[in-house]
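Participant: Numbering (this note's numbering), first residue to last: 2 to 391.
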Amino acid sequence: MDRIAARNVPSILITFMLSAFAAFSISMVVNQLSQALHTSVSGVLVSVPLDFIGGGAIGGGVVLGRQSDRLGRRPMLMLAVLIFSVSLVAAAFISNIAELYALWFIIGIGVNSQNGISYPLLVETLRRSTGLLGSVMQGLYFIGFLLDTGFYFVFHYWRTYFLASGIFALVFSLPLAIILVEPSRVRRFQGGRGGQGITGKLRLYTVALSLITVGAFMLSVPLMSVVPTLFQQDGIPPYYTFVFAVLGFLGFAFAGFLADRAQKWAVTLGFSILGIASASLLLQVLRAHAILAVLVPSYISAGFFGFIGVWASQTYPQEIRAAATNIVFLVGRVLGGLAPPFLASVLSVSLKDGMGTVMLLAAAVSVLGSLLYLSVMRMGDATPGTAPAR
Numbered sequence: 002m003d004r005i006a007a008r009n010v011p012s013i014l015i016t017f018m019l020s021a022f023a024a025f026s027i028s029m030v031v032n033q034l035s036q037a038l039h040t041s042v043s044g045v046l047v048s049v050p051l052d053f054i055g056g057g058a059i060g061g062g063v064v065l066g067r068q069s070d071r072l073g074r075r076p077m078l079m080l081a082v083l084i085f086s087v088s089l090v091a092a093a094f095i096s097n098i099a100e101l102y103a104l105w106f107i108i109g110i111g112v113n114s115q116n117g118i119s120y121p122l123l124v125e126t127l128r129r130s131t132g133l134l135g136s137v138m139q140g141l142y143f144i145g146f147l148l149d150t151g152f153y154f155v156f157h158y159w160r161t162y163f164l165a166s167g168i169f170a171l172v173f174s175l176p177l178a179i180i181l182v183e184p185s186r187v188r189r190f191q192g193g194r195g196g197q198g199i200t201g202k203l204r205l206y207t208v209a210l211s212l213i214t215v216g217a218f219m220l221s222v223p224l225m226s227v228v229p230t231l232f233q234q235d236g237i238p239p240y241y242t243f244v245f246a247v248l249g250f251l252g253f254a255f256a257g258f259l260a261d262r263a264q265k266w267a268v269t270l271g272f273s274i275l276g277i278a279s280a281s282l283l284l285q286v287l288r289a290h291a292i293l294a295v296l297v298p299s300y301i302s303a304g305f306f307g308f309i310g311v312w313a314s315q316t317y318p319q320e321i322r323a324a325a326t327n328i329v330f331l332v333g334r335v336l337g338g339l340a341p342p343f344l345a346s347v348l349s350v351s352l353k354d355g356m357g358t359v360m361l362l363a364a365a366v367s368v369l370g371s372l373l374y375l376s377v378m379r380m381g382d383a384t385p386g387t388a389p390a391r
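(1) To which residues of the same chain is Met77 closer than 6 Å at the C-beta, ignoring the five residues directly before and after it?
(2) Report all residues from its chain with a CB closer than 7 Å to the CB of Val208; omit the five preceding and five following residues, and keep chain order.
(3) Is the CB-CB distance between Pro238 and Val359 below 8 Å?
(4) Which residues in the same chain as Met29 place their Cβ atom closer than 6 Å to its Cβ, once the five residues preceding and following it in sequence are excluded?
(5) Taking the C-alpha atoms as reference points, what is the distance between Val112 and Phe156?
(6) Rounded to the nearest angstrom, what separates Ile98 and Leu331 at their Cα positions?
(7) Confirm, please, whether the CB-CB distance from Gly140 to Phe250 is below 8 Å.
(8) Is it the case that the Cβ atoms of Val1 and Leu175 are separated by a distance below 8 Å?
(9) Just verifying my parser: in three-state terms, what is the DSSP assignment at Asp3?
(10) Verify whether the separation of the beta carbon atoms of Leu89 and Gly201 is less than 8 Å.
(11) Does the separation of the CB atoms of Asp354 and Ile292 fall below 8 Å?
(12) Where does Glu125 sit, in a helix, a strand or coil, going by DSSP?
(13) With a 10 Å radius around its C-beta and 16 neighbouring C-beta atoms as the bar for buried, classify Ser12 as buried or exposed.
(14) Just checking my contact of Ile277 with Ala365 at CB under 8 Å: how many whole Å lie between their CB atoms?
(15) Closest to Thr135 by CA distance: which of Leu259, Leu181, Asn32 is it?
(16) Identify every run of the beta strand (DSSP E) within the stretch 60 to 109, keeping only runs that are complete inside it and at least 3 residues long; order them along the chain.
(17) Going by C-alpha to C-alpha distance, which of Phe85, Ala93, Arg128, Ala256 sits closest to Ile107?
(18) Going straight from the alpha carbon of Ser41 to that of Pro318, what length do you get?
(19) Going by other Cβ atoms of all chains shown within 10 Å of its Cβ, with 16 needed for buried, is Leu252 buried or exposed?
(20) Near Leu101, which residues of its chain fall below 6 Å by C-beta distance, leaving aside the five closest residues on each side in sequence?
(21) Excluding the 5 residues preceding and the 5 following Leu177 in the sequence, name in chain order all residues of the same chain whose CB lies nearer than 6 Å to its CB.
(22) Rounded to whole angstroms, what is the Cα-Cα separation between Leu72 and Val295?
(23) Could you give the distance in angstroms between the alpha-carbon of Ser299 and the alpha-carbon of Leu284?
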């Protein structure tokens with residue numbers, strides 16, 4: 002690992018983890034917020050899809066991603082960090098549900114932008130297959146969630162919890178973003194073609210990757226946003242949240258390990274089929290210990306989410322890489338992030354059955370995306386001289 006990589010990789014990984022820490026911090030205090038803001042649990046959980054819509058619907062991630070192609074990764078990463086950490090601090094002072102919704106919408110802009118810039122930056126820093134490291138990075142969502150549980154045990158009251166969490170995210174993530182080094186070999190493209198550069202078969206790859214990303218979000222978001230509330234309602238000890246977060250991280254790392262040794266569409270297909278099986282079982286079980294047993298393969302099946310960011314970044318040419326990757330994640334965040342909490346908490350009799358329904362649909366969508374990616378691969382390369390990552 003060269004000097005730039007030794008400096009950049011830890012900074013990328015830690016800021017990525019802290020973005021997840023900010024995004025899922027709300028999952029620990031859903032019941033408290035429900036009481037304090039005089040609304041239902043379902044009403045609070047609506048803030049989770051607003052996080053993802055904020056990252057996509059107004060194009061926050063795409064706008065900052067495109068600007069990072071033109072102006073550099075570092076300044077846009079610094080701006081993204083400021084957006085999500087300062088907004089989390091502000092959440093400590095809300096007085097109604099509308100303010101919670103607004104702030105989580107803004108947090109989504111910062112988190113999605115940070116994530117979308119991190120993937121191409123990692124690829125440009127390392128210049129080699131990064132499926133495992135990319136999966137470890139995405140798996141840091143679970144480590145960020147673990148950090149949320151730790152903060153919750155120390156700062157149990159929601160206002161103190163949000164304040165401490167936001168300050169922590171700001172103090173540790175902003176300096177790391179500041180010290181990042183732009184790889185000297187990376188050229189900046191003043192034209193900033195963005196999404197206009199997605200032409201020919203790259204459009205089909207974008208559709209396939211977007212479907213896979215939608216499925217990945219729908220499969221993994223409930224595991225971090227809904228499961229803690231499910232455990233509380235079913236009387237399952239809270240330490241299982243920690244256990245499953247570690248399992249989720251290991252599942253991401255394992256998927257990345259496989260992705261470096263096999264074609265990524267095939268790994269995605271296999272994990273998605275496991276997701277269909279585990280979601281089907283989740284709809285059938287009733288007892289707490291059975292739910293815990295079925296959640297094991299459920300967490301593992303979400304592992305293919307880990308390498309999608311690197312996979313997408315390797316698919317596109319450098320001049321549109323960050324913008325195109327953010328477009329893929331825009332679709333995933335809006336569609337995949339919107340469905341899980343809403344369906345799991347509003348459209349079903351129980352959280353468990355809602356989760357099972359969402360995860361079953363998610364895995365099916367990912368299967369479809371994997372098969373489409375394979376079909377496009379067999380049609381040939383997307384652009385002359387460009388071989389999309391397999």
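Positions of the beta carbon are idealized from the N, C-alpha and C atoms, including for glycine.
Nothing here was measured: the structure is a model prediction, and the numbers come from that model.
Facilitator: In brief:
(1) As a first step, residue 77 is located in the sequence shown; it is residue number 76 there, counting from the start. Around Met77: Leu65, Gln68, Ser69, Ile118.
(2) Working through the sequence shown from its first residue, we reach residue 208 at position 207. For Val208, where only same-chain residues beyond five positions count, the Cβ hits under 7 Å are Leu373.
(3) The residue labelled residue 238 in the question sits at position 237 within the sequence shown. The residue labelled residue 359 in the question sits at position 358 within the sequence shown. Cβ distance not < 8 Å, so Pro238 and Val359 don't count as in contact.
(4) As a working note, residue 29 is residue 28 in the sequence shown. Counting only residues of its own chain and dropping the five nearest sequence neighbours on each side, Met29 has a CB closer than 6 Å to the CB of Asp149, Tyr153.
(5) Taking the sequence shown and counting its residues from 1, the one referred to as residue 112 is at position 111. Taking the sequence shown and counting its residues from 1, the one referred to as residue 156 is at position 155. If you take the alpha carbons of Val112 and Phe156, they lie about 23 Å apart.
(6) The residue labelled residue 98 in the question sits at position 97 within the sequence shown. The residue labelled residue 331 in the question sits at position 330 within the sequence shown. C-alpha separation (whole angstroms): 25 Å.
(7) Within the sequence shown, the letter at position 249 stands for residue 250. Within the sequence shown, the letter at position 139 stands for residue 140. In this structure, Gly140 lies closer than 8 Å to Phe250 by Cβ.
(8) Given that the chain is displayed from residue 2 to residue 391, the structure contains no residue 1 and the question cannot be resolved.
(9) On the sequence shown, residue 3 is found 2 positions in, with the first residue counted as 1. Of the three classes helix, strand and coil, the one that applies to Asp3 here is coil, per DSSP.
(10) Taking the sequence shown and counting its residues from 1, the one referred to as residue 89 is at position 88. Taking the sequence shown and counting its residues from 1, the one referred to as residue 201 is at position 200. No, Cβ-Cβ distance for Leu89 and Gly201 is not below 8 Å.
(11) Within the sequence shown, the letter at position 353 stands for residue 354. Within the sequence shown, the letter at position 291 stands for residue 292. The answer is no: Cβ separation not under 8 Å.
(12) Working through the sequence shown from its first residue, we reach residue 125 at position 124. In this structure, Glu125 counts as helix in the three-state DSSP scheme.
(13) Stepping through the sequence shown from its first residue, residue 12 is reached at position 11. By the neighbour-count definition (other C-beta atoms within 10 Å, threshold 16), Ser12 is a buried residue.
(14) Looking up residue 277 in the sequence shown gives position 276. Looking up residue 365 in the sequence shown gives position 364. That belief holds up - the Cβ atoms of Ile277 and Ala365 are roughly 6 Å apart, short of 8 Å.
(15) The residue given as residue 135 occupies position 134 in the sequence shown. The identity of residue 135 in the sequence shown is Gly, whereas the question assumes Thr. Measuring from the Cα of Gly135, the nearest candidate turns out to be Leu259.
(16) Taking only runs of at least 3 residues, no beta strand (DSSP E) segment lies wholly in the stretch 60 to 109.
(17) Taking the sequence shown and counting its residues from 1, one reaches residue 107 at position 106. It is Phe85 whose Cα lies nearest to the Cα of Ile107.
(18) Translated into positions along the sequence shown, residue 41 becomes position 40. Translated into positions along the sequence shown, residue 318 becomes position 317. Going from the Cα of Ser41 to the Cα of Pro318 covers about 46 Å.
(19) Position 251 of the sequence shown, counting from 1, holds the residue named residue 252. Here residue 252 is Gly; the residue named in the question, Leu, does not match the sequence. When all chains shown are included, Gly252 counts as buried.
(20) Position 100 of the sequence shown, counted from the start, is the residue given in the question as residue 101. The beta carbon of Leu101 sits closer than 6 Å to the beta carbons of Ser48, Ile95 from its chain, once the five residues preceding and following it are set aside; these are given in chain order.
(21) Counted from its first residue, the sequence shown places residue 177 at position 176. Within the same chain, and ignoring the five residues on either side of Leu177 in sequence, the residues whose Cβ sits closer than 6 Å to its Cβ are Ser12, Ile15, Thr16.
(22) Locating residue 72 in the sequence shown gives position 71, where the first residue counts as 1. Locating residue 295 in the sequence shown gives position 294, where the first residue counts as 1. Annotation: Leu72 to Val295 spans about 47 Å, alpha carbon to alpha carbon.
(23) Reading the sequence shown from its first residue, position 298 is the one you call residue 299. Reading the sequence shown from its first residue, position 283 is the one you call residue 284. Taken atom to atom, the span from the alpha-carbon of Ser299 to that of Leu284 is near 12 Å.
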